[in-house]
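Quick note on numbering: numbering that gives the first Met the number 0 labels position 213 of the sequence shown as 212, and the sequence is numbered without any gaps.
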Amino acid sequence: MVWWWWILPALVGLIGVAILLGGFGAMFRGKPGKGLFGTLAGALFLAVAAAAALLGLNVQTYNRLTYERPVATLELKQKGPRLYDAALSLPAPEGQASAVTRTYEIHGDEWRVEARVLKWKGWANVLGLDSQYQLDRLSGRYEDTESELHAERSVYDLRPTQQGGLDAWTLARKHKKYAPMVDALYGSGASMPMADGAKYEVWITQSGLIARPVNPQAEQASTSGWR
């Protein structure tokens, strides 16, 4: 939220309080006309300040509850029938300048990225806590169940080999009753059709993973690739 959402209501409120007190003072000094005008003007300023503060709070709430950020980019290159190379790029780890990119061979008609998600309650989002995630796996999937049961499968572990920092997921799972701000712990996934040259982005929202096409090949696949 921009700073003036809070500064403006505060300034208007201070002006309103000063005018209101001045109106009360005028009444006590035997000037009822001036006192009534000051009282009404001060009340009006305070009402405007309250309305501006509520509007700012609503904007802040909406921004936090709809906040999302990118967690991966996926670029596809077809190698054969139902076979693709998928270049998965993850955001640069802290202290590094470039993203981490690895290529995986995927069988199927669609790709799928899965993650474990720690979702906070709405009031915790407004206070600044955003959903925590850990990418779990990348896999291919087939449109028809027969192929899903018998065709060649591909699945890759995306979990880091070393855990760094505080494992919020584990702490929340073991001590959820002592963490009232935790709403849910669950698995989330995003999938899209595969096509040669298609590029997608995966985003984490306050409710889980979503995927978006970012080039014409992906746009075409996402609109015509579902059957």
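Ideal Cβ placement from N, Cα and C applies to all residues, glycine included.
These numbers come from a predicted model, not from an experiment.
Could you work out which residue in the options is closest to residue i when comparing CA atoms only?
i	options	result
tyrosine 227	Tyr185, Ser146, Val181 and Ala220	This structure cannot settle anything about residue 227, because the visible part of the chain is limited to 0 through 226.
proline 179	Gly186, Ala91 and Leu117	Leu117
glutamate 67	Tyr132, Thr144 and Gly79	Tyr132
valine 154	Leu137, Glu142 and Ser206	Leu137
proline 80	Ala217, Glu151, Val181 and Glu218	Glu151
leucine 39	Ile18, Gln77 and Lys78	Ile18
aspartate 156	Leu126, Glu104 and Leu20	Glu104
alanine 217	Trp119, Gly32 and Gln77	Gln77
On the premise that residue j lies in contact with residue i, defined as a C-beta separation below 8 Å, what is that separation, rounded to the nearest angstrom?
i	j	result
leucine 208	alanine 183	Not quite, the Cβ-Cβ distance comes to about 14 Å (not below 8 Å), so this is no contact.
aspartate 135	arginine 158	6 Å
proline 69	tryptophan 202	5 Å
serine 88	threonine 102	Rounded, the Cβ-Cβ distance is 10 Å, inconsistent with contact.
aspartate 108	methionine 193	6 Å
arginine 115	glycine 22	Not quite, the Cβ-Cβ distance comes to about 59 Å (not below 8 Å), so this is no contact.
alanine 25	glycine 37	6 Å
tryptophan 122	methionine 191	Their Cβ separation, rounded to whole angstroms, is 33 Å, which puts tryptophan 122 and methionine 191 out of contact at 8 Å.
serine 146	glutamine 205	That belief does not hold up - the Cβ atoms of serine 146 and glutamine 205 are roughly 35 Å apart, past 8 Å.
alanine 86	valine 112	With a Cβ gap of about 13 Å, alanine 86 and valine 112 do not count as contacting.
What do you get for residue i, buried or exposed, if any count of 16 or more other CB atoms within 10 angstroms of its CB means buried?
i	result
leucine 165	Low confidence applies here, because leucine 165 scores a pLDDT of 45, under 50, leaving its location unreliable and the question unanswered by this model.
glutamate 74	buried
phenylalanine 44	buried
histidine 106	buried
proline 215	exposed
glycine 41	buried
arginine 140	buried
alanine 48	buried
serine 223	exposed
proline 212	buried
alanine 210	buried
alanine 197	buried
alanine 9	exposed
alanine 98	exposed
Under a three-way DSSP split, which group does residue i fall into?
i	result
leucine 75	strand
glutamine 219	helix
leucine 19	helix
alanine 210	strand
lysine 198	strand
lysine 30	coil
leucine 13	helix
leucine 117	strand
glycine 37	helix
glutamate 147	helix
alanine 91	coil
glycine 24	helix
alanine 183	strand
leucine 82	strand
alanine 98	coil
leucine 45	helix
Examine chain D for any beta-carbon lying closer than 8 Å to the beta-carbon of residue i, and answer yes or no.
i	result
leucine 75	Of the protein chains in this structure there is only one, and it is not chain D.
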